[in-house]
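Student:
2 protein chains.
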Amino acid sequence: MSRNPVFAPVHLPTLKHNIAEIISDAIFSGKIKPGERLNESQLARDLHVSRAPIREALQQLEEQGIIVNHPRRGMFVVNLEDEDLQKINSVRLVLEAEAMRLARANFTPAAQAKLNQILDRMERSEGGQPSLRVKLDYEFHRAIWASPAKYIERTLAGLIVPLFAYSVIRAMKSDKVRHVIYSHRPLIDFLAGKSNETAEKVLADHLKIPWSLPERFSSYSEEAKKTEKKRKARS
Amino acid sequence: MSRNPVFAPVHLPTLKHNIAEIISDAIFSGKIKPGERLNESQLARDLHVSRAPIREALQQLEEQGIIVNHPRRGMFVVNLEDEDLQKINSVRLVLEAEAMRLARANFTPAAQAKLNQILDRMERSEGGQPSLRVKLDYEFHRAIWASPAKYIERTLAGLIVPLFAYSVIRAMKSDKVRHVIYSHRPLIDFLAGKSNETAEKVLADHLKIPWSLPERFSSYSEEAKKTEKKRKARS
DNA sequence: GAACGATACACTGTCGACAGAATGAAATTC
DNA sequence: GAATTTCATTCTGTCGACAGTGTATCGTTC
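Going line by line, the protein sequences match chains Z and S. Counted from 1, the first sequence has number 141 at position 141 by my numbering; the numbering is strictly sequential. Plus 1000 on top of the position in the second sequence (first one is 1) and you've got my numbering.
1. Applying a beta-carbon distance threshold of less than 7 Å, which residues of chain S neighbour I152 (chain Z)?
2. Per DSSP, I1067 (chain S) is paired with what?
3. Are there three or more Cβ pairs, one per stretch, closer than 8 Å when the segment 1156-1163 of chain S is compared with the segment 1107-1120 of chain S?
4. In chain Z, which residues lie less than 9 Å from I1188 (chain S) when you measure between Cβ atoms?
5. Excluding five sequence neighbours on each side, which residues of the same chain lie with their C-beta closer than 7 Å to the C-beta of L1027 (chain S)?
6. Is L1191 (chain S) a contact residue of the ligand MG, with contact defined as CB to any heavy atom under 7 Å?
7. Do you know how far the Cα of E1036 (chain S) is from the Cα of L38 (chain Z)?
8. Hey, is L95 (chain Z)'s beta-carbon within less than 8 Å of any beta-carbon in chain S?
9. May I ask you to report which of helix, strand or coil DSSP gives R1037 (chain S)?
10. With DSSP collapsed to three states, give me the class of K1208 (chain S).
11. Compare the C-beta of W1211 (chain S) with all C-beta atoms of chain Z and state if any pair is closer than 8 Å.
12. Out of curiosity, what's the CA-to-CA distance linking S1183 (chain S) and M1122 (chain S)?
13. Let me know the secondary structure DSSP gives V1049 (chain S) once reduced to three states.
14. Out of S:H1141, S:L1132 and S:R1124, which has the shortest C-alpha to C-alpha gap to K1114 (chain S)?
15. Can you look up A1192 (chain S) in the DSSP assignment and give me helix, strand or coil?
16. One question on the structure: do A199 (chain Z) and A97 (chain Z) come within less than 8 Å of each other, judged by their Cβ atoms?
17. Taking just the CA atoms, how far does P53 (chain Z) sit from R236 (chain Z)?
18. Buried or exposed: which applies to P1162 (chain S), given that a residue is buried once 16 or more other Cβ atoms fall within 10 Å of its Cβ?
19. Output needed in chain order: residues of the segment 38-71 of chain Z with a Cβ under 9 Å from some Cβ in chain S.
20. Compute the Euclidean distance between the alpha carbons of S29 (chain Z) and R45 (chain Z), then round it to the nearest angstrom.
21. Identify the contact partners of G1158 (chain S) in chain Z, using a Cβ-Cβ distance below 7 Å as the criterion.
22. What residue from S:K1016, S:V1091, S:R1092 and S:G1127 has the CA that sits closest to P71 (chain Z)'s CA?
23. Only counting the same chain, and skipping five residues up and downstream in sequence, which positions put a Cβ closer than 6 Å to that of G1074 (chain S)?
24. Say whether chain S places a C-beta atom closer than 8 Å to the C-beta of E98 (chain Z).
25. Where Q1086 (chain S) and L1093 (chain S) are concerned, what is the direct C-alpha to C-alpha distance, given to the nearest angstrom?
26. Starting from E980 (chain S), follow the alpha helix (DSSP H) in both directions and report where the run begins and ends.
27. Quick one: using the 10 Å Cβ neighbour count with 16 as the cut-off for buried, is K135 (chain Z) buried or exposed?
28. According to DSSP, is P1109 (chain S) part of a helix, a strand, or is it coil?
29. Considering Cα atoms alone, identify which of Z:P186, Z:L191 and Z:N196 is closest to D205 (chain Z).
30. Taking all protein chains shown into account, do 16 or more other C-beta atoms lie within 10 angstroms of the C-beta of S90 (chain Z), making it buried, or fewer, making it exposed?
31. Among S:Q1064, S:I1022 and S:N1018, whose alpha-carbon lies nearest the alpha-carbon of R1154 (chain S)?
32. Cα separation between L1061 (chain S) and R1055 (chain S)?
33. Rounded to whole angstroms, what's the CA-CA distance from N1018 (chain S) to A57 (chain Z)? Just pull it up for me.
34. Suppose you measure from the CA of L1080 (chain S) to the CA of D1189 (chain S); what does that come to, to the nearest Å?
35. Quick check: the Cα distance between E197 (chain Z) and D137 (chain Z), rounded to an integer number of angstroms?
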């Protein structure tokens, strides 16, 4: 970890990629709000390009789950119901718990340093823009998944990106913001082997407040506990 | 559940959707093989449309994971390494196990009948085309996920579709084909509560042979066992 | 004969334009 | 005055075309 590689693999970023990033940033920074319609011609005029790369970028974002397409009616920024938030989080809990177990097995000081660095920036952002916090939040989790494996990262990203895209605009009370920020610390503790909790418990605590979920996770408390028992019995 | 709704929401399938389906079918039926390049102009000529909807369809398939795009070089049908197969399956094991636990909790006779019906068709296809078998195989698993929840289904689909797209062309020895087909039965037994195994065990048995994985799953046996130990030490 | 370089071809990325569908406003009827 | 139909506008879906890049072939040199 003395320094980064000299030459990063050069992405020749086609217009499509640039545009996708620009629009994505606009959504994550709250400039475009959930439910809002995205006018292709408008975007094309604003960005001084034709509609072709705009459409391609929007489709890419659609498959990422932060945009939905109503054929012949337009593309809209995703608008999640509370119910969706719960369901996504219940799946997330299972997958990210596994990712955390894997990450813990290969946890290096470098990885820990990186997480701490992100967390420091997040803490310093407490009074600042929500969009920066959300971005750092996502970066933090992604840094955890990145270590274990390519596919679990891709899968988790596909699942969770819409969550973050949506949560940007949720007005949060300041006490919730504090929880969002400081509940990341136990995750690092878990990864460093300093926690006695299960991955599921640590994550559940982390996820509980920000989206004000009900007390129980549909999947976790009902089913996972049963298998936990069986697993113990088996061993 | 007396009958289905009278009017299904009418999808006006744009050209893009038709084309995506056509190309997808071509891949799953083995007409286009993994690693093969997809020429947009060629496809446009063959299908008598312009390149625009072709590009959009290909991009859609790209985000589904059955096509990869090398910018300015072309789109290629996904070509998975054995290593990828392992990694995907290790993630799949975690997620699909959870899906099966959820499905078991809400398992209805109707759902069981549907699974049996698919399985019957699969068994009758033993001597027939591999593509049909793969399609039924996928349909079977999807039917399991569909009951629990929207998001776990979407997530699993995003993860596994490339697997099936790839497995079509893997020449399988006949004994493996038999295993692929008949190892589905224990899954139904599990869902019906007639199994004493864990969801993970049932799935691992099911996934072990078809893609000729080594004895162990990278995530499950190597890593999960470590964490299992830690967990035991703790408790 | 093999490796290197130059040239020609093919294909992707991007553009501007048109047709048909969806939306909203105006006009008409009860 | 309210509801419904008609009309105009706007936008998406699709098309054909062009420019620049990547690829392959051919010729050249050692």
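All C-beta atoms in this analysis are idealised placements derived from N, C-alpha and C, irrespective of residue type, glycine included.
Tutor: Per the coordinate set shown:
1. Result: V1091.
2. Per DSSP, S:V1077.
3. Using a C-beta cut-off of 8 Å, the segment 1156-1163 of chain S makes no contact with the segment 1107-1120 of chain S, since fewer than three inter-stretch Cβ pairs fall below that distance.
4. Going along chain Z, no residue has its Cβ under 9 Å from I1188 (chain S), so there is no contact; the nearest lies around 18 Å.
5. A small correction: the amino acid at residue 1027 (chain S) is Ile; Leu does not occupy that position in the sequence shown. Setting aside the 5 residues that flank it on each side, I1027 (chain S) is surrounded in the same chain by I1066, V1077 and A1165, each with a C-beta closer than 7 Å to its C-beta; the list follows chain order.
6. Annotation note on the ligand MG: not contained in the displayed structure, which lists no ligands.
7. If you take the alpha carbons of L38 (chain Z) and E1036 (chain S), they lie about 35 Å apart.
8. For L95 (chain Z), the answer is yes, since a Cβ of chain S falls inside 8 Å of its Cβ.
9. Residue state for R1037 (chain S) is assigned as strand, using DSSP reduced to three classes.
10. Helix at K1208 (chain S).
11. Residue confidence is low: W1211 (chain S) scores 35 on pLDDT, short of 50, so the model does not pin down where it sits. No coordinate-derived value is stated.
12. Here the C-alpha atom of S1183 (chain S) lies approximately 12 Å from the C-alpha atom of M1122 (chain S).
13. DSSP places V1049 (chain S) in coil when its eight states are reduced to three.
14. The shortest Cα separation from K1114 (chain S) among S:H1141, S:L1132 and S:R1124 belongs to S:H1141.
15. Secondary structure of A1192 (chain S) (DSSP, three-state): coil.
16. Yes. Within cutoff.
17. What the structure shows of chain Z is the stretch from 1 to 235, and residue 236 (chain Z) is not part of that stretch, so it cannot be assessed.
18. Around the beta carbon of P1162 (chain S), 16 or more other beta carbons sit within 10 angstroms, so the residue counts as buried.
19. Taking 9 Å as the cut-off between beta carbons, the residues of the segment 38-71 of chain Z near chain S are A52, R55, E56, Q59, Q60, E62, E63, Q64, G65 and P71, in sequence order.
20. Each residue's alpha carbon lies about 21 Å from the other.
21. From the beta-carbon of G1158 (chain S), the residues of chain Z found nearer than 7 Å are T155 and G158.
22. That would be S:K1016, whose Cα lies nearest to the Cα of P71 (chain Z).
23. Leaving aside the five residues that flank G1074 (chain S) on each side, the residues in its chain whose CB is nearer than 6 Å to its CB run, in chain order, R1037.
24. Cβ-Cβ to chain S under 8 Å: yes for E98 (chain Z).
25. Using only the alpha carbons, I get a separation of about 10 Å.
26. With chain S covering only 1001 through 1235, there is no way to say anything about residue 980 (chain S).
27. With 16 or more Cβ atoms within 10 Å of its Cβ, K135 (chain Z) is classed as buried.
28. DSSP places P1109 (chain S) in helix when its eight states are reduced to three.
29. Closest option to D205 (chain Z), Cα to Cα, is Z:P186.
30. Under this definition S90 (chain Z) is a buried residue.
31. Of the listed residues, the one whose Cα sits closest to R1154 (chain S) is S:Q1064.
32. Using only the alpha carbons, I get a separation of about 10 Å.
33. Cα-Cα distance, rounded: 21 Å.
34. C-alpha separation (whole angstroms): 31 Å.
35. So the two alpha carbons sit approximately 22 Å from each other.
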